[in-house]
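K.L.:
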Amino acid sequence: MTATLLAEFLDGDTLKTGLTQVRSAGDDVLEAFTPYPLDGLADELGQGRSNIRPVMLAGGLGTAAFALALQWYSAIVNYPINSGGRPLNSWQVFLLVPFEVGVFAAALAGVIAFFWSCRLPRLHDPLFEIPGFERATQDRYFLLAATERDPSDLRASLRSAGAVEVTELRQP
Amino acid sequence: MTQLLVAEHPPAHRWISSRHADDVEVTQAVADPLFVRFGRTWWLALLASAPFVLWLFGAIGWLFYRGIGIWGINSTVVWGVAIANYVWWIGIGNAGTLISAMLLLTRQKWRASINRFAEAMTLFAVAIAGLMPIIHLGRPIYAYWLAPYPNTMSLWPQWRSALVWDFWAIISYLLFSILFWYVSLIPDLATMRDRAPSRAGQLLYGAFALGWRGSAREWSRLQTLHSTMAALGVPLVCSVHSIVGLDFAASLMPGWQESIFPPYFVVGAMYSGFAMVVILAAAIRWGLSLQAIITRRHFEVMARILLMASIVMFYSYATEWFMGWYGGEHSDRELVRFEFTGTYAPLFWALLACNCIIPQVLWLPVARRSLAILIAVAIAINVGMWLERILIVWNTLSHGYMPTLWRSFHFTFWDWSFLIAPLGFFAFLFLLFVRLVPSVSMFDVRELAHEEAAA
Chain A
151 MTATLLAEFL DGDTLKTGLT QVRSAGDDVL EAFTPYPLDG LADELGQGRS
201 NIRPVMLAGG LGTAAFALAL QWYSAIVNYP INSGGRPLNS WQVFLLVPFE
251 VGVFAAALAG VIAFFWSCRL PRLHDPLFEI PGFERATQDR YFLLAATERD
301 PSDLRASLRS AGAVEVTELR QP
Chain B
268 MTQLLVAEHP PAHRWISSRH ADDVEVTQAV ADPLFVRFGR TWWLALLASA
318 PFVLWLFGAI GWLFYRGIGI WGINSTVVWG VAIANYVWWI GIGNAGTLIS
368 AMLLLTRQKW RASINRFAEA MTLFAVAIAG LMPIIHLGRP IYAYWLAPYP
418 NTMSLWPQWR SALVWDFWAI ISYLLFSILF WYVSLIPDLA TMRDRAPSRA
468 GQLLYGAFAL GWRGSAREWS RLQTLHSTMA ALGVPLVCSV HSIVGLDFAA
518 SLMPGWQESI FPPYFVVGAM YSGFAMVVIL AAAIRWGLSL QAIITRRHFE
568 VMARILLMAS IVMFYSYATE WFMGWYGGEH SDRELVRFEF TGTYAPLFWA
618 LLACNCIIPQ VLWLPVARRS LAILIAVAIA INVGMWLERI LIVWNTLSHG
668 YMPTLWRSFH FTFWDWSFLI APLGFFAFLF LLFVRLVPSV SMFDVRELAH
718 EEAAA
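Residue numbers (the working numbering), protein chains in the order written: chain A, 151 to 322; chain B, 268 to 722.
(1) Whether or not the region 704-722 of chain B and the region 451-460 of chain B are in contact is what I'm after, with contact meaning three or more pairs of Cβ atoms, one per stretch, closer than 8 angstroms; do they touch?
(2) On the CB-based measure, 16 or more other CB atoms within 10 Å of its CB, does G651(B) come out buried or exposed?
(3) Any C-beta of chain A sitting closer than 8 angstroms to the C-beta of G478(B)?
(4) Within a Cβ cutoff of 8 angstroms, which residues of the same chain sit near N341(B), ignoring the five residues on either side of it in sequence?
(5) Which residues in chain B sit within 7 angstroms of F254(A), going by Cβ to Cβ distance?
(6) Which term fits D599(B), buried or exposed, when burial requires 16 or more other beta carbons within 10 angstroms of its beta carbon?
(7) What is the residue span of the alpha helix (DSSP H) that T317(A) lies within?
(8) Can you tell me where the beta strand (DSSP E) with T154(A) in it begins and where it stops?
(9) Closer than 9 angstroms between beta carbons: that is the criterion. Which residues of the region 702-713 of chain B meet it against chain A?
(10) Between the beta-carbon of T498(B) and the beta-carbon of L372(B), is there less than 8 angstroms?
(11) Using CA coordinates, which residue listed in Y416(B), I401(B), N418(B) is at the minimum distance from A410(B)?
(12) So, with DSSP's three-state summary, where would you put V704(B)?
(13) Determine, for T269(B), whether the minimum Cβ-Cβ distance to residues of chain A falls below 8 angstroms.
(14) Against chain B, does G260(A) count as a neighbour if the rule is that its beta carbon must be under 8 angstroms from one of theirs?
(15) Distance, Cα to Cα, A414(B) vs P424(B)?
(16) Helix, strand or coil for A517(B)? Go by DSSP, reduced to three states.
(17) Using a Cβ cut-off of 8 angstroms (strictly closer), state whether A192(A) contacts chain B.
(18) Please list the terminal residues of the continuous alpha helix (DSSP H) segment that includes V251(A).
(19) How many Å lie between L191(A) and G210(A) at the Cα?
(20) Spell out a yes or no on whether the region 212-227 of chain A and the region 260-268 of chain A are touching, meaning 3 or more CB-CB pairs, one atom from each, closer than 8 angstroms.
(21) Spell out the partners DSSP gives D711(B) in its beta bridges.
(22) Taking just the CA atoms, how far does A298(B) sit from F216(A)?
(23) Quick one: does A457(B) have its CB under 8 angstroms from some CB of chain A?
(24) So, with DSSP's three-state summary, where would you put D745(B)?
(25) In the DSSP assignment, what are the bridge partners of V293(A)?
(26) Does the Cβ of Q321(A) have 16 or more other Cβ atoms within 10 Å, making it buried, or fewer, making it exposed?
(27) Along the region 291-306 of chain B, what residues have a CB closer than 7 angstroms to any CB found in chain A?
(28) Determine, using beta-carbon pairs with one atom in the region 296-311 of chain B and one in the region 579-591 of chain B, whether at least three such pairs fall under 8 angstroms.
(29) Report the neighbours of G481(B) on chain A: residues whose CB is nearer than 7 angstroms to its CB, in chain order.
(30) Could you check the C-alpha separation between T317(A) and R309(A) for me, to the nearest Å?
(31) Residues of chain A with CB under 8 angstroms from F447(B), in chain order?
(32) What is the rounded straight-line gap between the Cα of T353(B) and the Cα of A274(B)?
(33) Report buried or exposed for L422(B), applying the criterion of at least 16 other Cβ atoms within 10 angstroms of its Cβ.
(34) For the region 495-512 of chain B, which residues have a beta carbon sitting closer than 7 angstroms to at least one beta carbon of chain A?
(35) Evaluate contact between the region 201-208 of chain A and the region 500-512 of chain B, counting only Cβ atoms and requiring at least three cross-stretch pairs below 8 angstroms.
(36) Curious, which full-length beta strand (DSSP E) runs of at least 3 residues does the region 489-533 of chain B contain?
What follows is the structure, given as structure tokens:
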């Protein structure tokens, strides 16, 4: 039977102490919630690298290629205009539009990949029900940990690391 | 309301001018003004800017009804205030993203205090800039012909046209800037959601916060996304204003057909944009009592950047004059002479004074530390940059290859309208922004405060 506990800390350093303490006792740290990004926290939690950048590259290059192909098709195949004998395939200036839309498309792809990997937008989260959790976006640091043992052991170890409040999460 | 973060002089920390600024104090200092009444000053300012909004839309309506003949343009000087405005506004619009992205990539932590409203400035300025070429089209109802779409006429946009490049550059840049701004706003919107006293506020901010919890996963993904967008943003900004420069440089007119135009426009954009950031920073600092977060040191580093940009500007002007002479073309040399002594010479000298001479006062540490002097210099720079843009248009068109076509531009009431009313519209949008959205990035300042050990 797994028990899940949410511990509230006063600052980032004690949260990291709590993290190591929970780990050394053999319990799982599921997630941490902080009011500002703490350096390297995601790595310590073993969340791995995201694939946002490859997605952005693919989205940007794909859209840019599409824009270039569209220009090529319209200016050479579908609607060729001989303007003063200039070459129909003016690829040098055809690069401007693909660059602009490519950068935007990369950004858009990145935002979508970001939403996807963080499961946003989220209408509700069970954690929002916990009194005091609204301070995670202001001035409190939360650690979500799970244990297979007696939950009171985990509670005690979180307490000793400096948690001011420990809440057990249960299915309603 | 008591001030939460008390500013000290000299500042207690490098970028936070308060002895103590923990997470609570930072949050309260930025977020709480948005939950109380804003007071009379804000309402008066909003009321003062509202007529300009009506004026702008009235002027646009009249223009759509009568056509572009209501301006002082004529068959020789075919471009006028709309094009100068376009270049000027997009210049200001470039600075927000450029400042934010470049300072992020170079790890300048002090950007935390200014990036949010600088990016908001970008959004509004680019939106106004985007209006200008459309109202200048002559047949604005056909503006949508710039987009490629299957149509019964079997027509395609002319991809070799600078107008089409403008269309894609502005649209891509505007949408990119909105994303860049919004992504870094999500955590602060979540803070607003969690602090809003009213149900309506919680729902509104909550909807835009998208369920942000501040988990380690969310933070690390957000940072990856934001820094990558910043790395893409810098070349995008440079390309956007380069494309604006190509509107001129891709022509065959004396004084326009110059390969220096794209970089020279980018520097000009950063210059006028930074000057605008100084003005807005001073206004926000005073209006929201953020003296502890937007410190005098911020103004001092911005003053140094202005000084640097002013020197580069001067160098660009000098290069233009030199190339006009060195190229040996009669009409190019004539144009340089016309700039200094011709019809618009007083404006040209004013431009040089505003952009090149007056900012040299910032060499003095006293001037960099004085807010009054710095704001005066920033206003002078913005005036000078507008003069530069209008003179690029007027001088070349008034003094082209054919002496029989030489004519001057004369301002009409509607030229003044399109010059002044957008400023009021911009102020109106900005006032709404400071009322609804935290104008300083709270999570960035929290991080900065922890690094400076002010927390």
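The beta-carbon is built from N, C-alpha and C at its ideal position, and this holds for glycine as well.
P.N.:
Straight from the coordinates:
(1) When C-beta atoms of the region 451-460 of chain B are compared with those of the region 704-722 of chain B, three or more pairs fall below 8 angstroms, so the two segments count as touching.
(2) Indexing the second sequence from 1 puts residue 651(B) at position 384. Of the residues assessed, G651(B) falls on the buried side of the cut-off, its CB having 16 or more other CB atoms within 10 angstroms.
(3) Taking the second sequence and counting its residues from 1, one reaches residue 478(B) at position 211. Output row for G478(B): interface = yes.
(4) Residue mapping note: residue 341(B) aligns to position 74 of the second sequence, counting from 1. Apart from sequence neighbours up to five positions away, the residues of its chain that approach N341(B) with a beta-carbon distance below 8 angstroms are R674, F676, ordered along the chain.
(5) Stepping through the first sequence from its first residue, residue 254(A) is reached at position 104. Those within 7 angstroms of F254(A) in chain B are S439, L442, F443.
(6) Translated into the one-based positions of the second sequence, residue 599(B) becomes position 332. Buried, by the Cβ-count rule.
(7) Here residue 317(A) is taken as the residue at index 167 of the first sequence, counted from 1. Per DSSP, T317(A) belongs to no alpha helix (DSSP H); it is in the beta strand (DSSP E), 315-319.
(8) Sequence index remark: in the first sequence, residue 154(A) carries index 4 (1-based). Per DSSP, T154(A) belongs to the beta strand (DSSP E) from 153-159.
(9) Here the close residues are M709, F710, D711, V712, R713.
(10) Within the second sequence, residue 498(B) is the residue found at index 231, counting from 1. Within the second sequence, residue 372(B) is the residue found at index 105, counting from 1. Going by the sequence as given, residue 498(B) is Ala instead of Thr. Yes, these two residues count as a Cβ contact at 8 angstroms.
(11) Mapped onto the second sequence, residue 410(B) falls at position 143. In terms of CA proximity to A410(B), I401(B) leads the group Y416(B), I401(B), N418(B).
(12) For the purposes of this step, residue 704(B) is taken as residue 437 along the second sequence, with counting starting at 1. Of the three classes helix, strand and coil, the one that applies to V704(B) here is coil, per DSSP.
(13) Taking the second sequence and counting its residues from 1, one reaches residue 269(B) at position 2. Any answer about T269(B) is weak, because its pLDDT of 47 lies below 50 and its placement is not dependable; what the coordinates show is given next. At a cut-off of 8 angstroms between beta-carbon atoms, T269(B) makes no contact with chain A.
(14) Here residue 260(A) is taken as the residue at index 110 of the first sequence, counted from 1. So yes, G260(A) belongs to the interface.
(15) In the second sequence, residue 414(B) corresponds to position 147, counting from 1. In the second sequence, residue 424(B) corresponds to position 157, counting from 1. Put simply, the backbone Cα of A414(B) is about 7 angstroms away from that of P424(B).
(16) The residue given as residue 517(B) occupies position 250 in the second sequence. Shown here, A517(B) sits in coil according to DSSP, grouped into three states, outside any helix or strand.
(17) Position 42 of the first sequence, counted from the first residue, corresponds to residue 192(A). Chain B contact via Cβ: present.
(18) Position 101 of the first sequence, counting from 1, holds the residue named residue 251(A). Looking at the DSSP string, the run of the alpha helix (DSSP H) that includes V251(A) is 246-268.
(19) Start at 1 with the first residue of the first sequence, and residue 191(A) comes out as number 41. Start at 1 with the first residue of the first sequence, and residue 210(A) comes out as number 60. The straight-line gap from Cα to Cα measures roughly 30 angstroms.
(20) The region 212-227 of chain A makes no contact with the region 260-268 of chain A, as fewer than three CB pairs between them are under 8 angstroms.
(21) In the second sequence, counting from the first residue as 1, residue 711(B) sits at position 444. None, per the DSSP bridge assignment.
(22) Translated into positions along the first sequence, residue 216(A) becomes position 66. Translated into positions along the second sequence, residue 298(B) becomes position 31. F216(A) and A298(B) have their C-alpha atoms roughly 44 angstroms apart.
(23) Locating residue 457(B) in the second sequence gives position 190, where the first residue counts as 1. Among the CB atoms of chain A, one or more fall inside 8 angstroms of the CB of A457(B).
(24) Past the edges of chain B, shown from 268 to 722, lies residue 745(B), and the structure says nothing about it.
(25) Counting from one through the first sequence, the residue named residue 293(A) turns up at place 143. A small fix is needed here, since residue 293(A) is Leu in this sequence, not Val. According to DSSP, residue pairing for L293(A) in a beta bridge involves A157(A), A182(A).
(26) Within the first sequence, the letter at position 171 stands for residue 321(A). That one is exposed.
(27) Residues passing the 7 angstroms Cβ filter: V291, T294.
(28) In this structure the region 296-311 of chain B does not lie against the region 579-591 of chain B, because fewer than three pairs of beta carbons, one per stretch, are closer than 8 angstroms.
(29) The residue you call residue 481(B) lines up with position 214 of the second sequence. Those within 7 angstroms of G481(B) in chain A are F183, T184, P185, A286, T287.
(30) In the first sequence, the residue the question calls residue 317(A) occupies position 167. In the first sequence, the residue the question calls residue 309(A) occupies position 159. Rounded to whole angstroms, the separation of the alpha carbons of R309(A) and T317(A) is 11 angstroms.
(31) Position 180 of the second sequence holds residue 447(B). What F447(B) touches in chain A: A257.
(32) Mapped onto the second sequence, residue 353(B) falls at position 86. Mapped onto the second sequence, residue 274(B) falls at position 7. The residue you asked about is not Thr; residue 353(B) is Tyr in the sequence shown. The C-alpha of A274(B) is placed about 39 angstroms away from the C-alpha of Y353(B).
(33) Counting from one through the second sequence, the residue named residue 422(B) turns up at place 155. With fewer than 16 other Cβ atoms within 10 Å, it is exposed.
(34) Correct list: T495, M496, L499, L503, S506, I510.
(35) Not touching, per the Cβ criterion.
(36) DSSP runs (the beta strand (DSSP E)) wholly in the region 489-533 of chain B: none.
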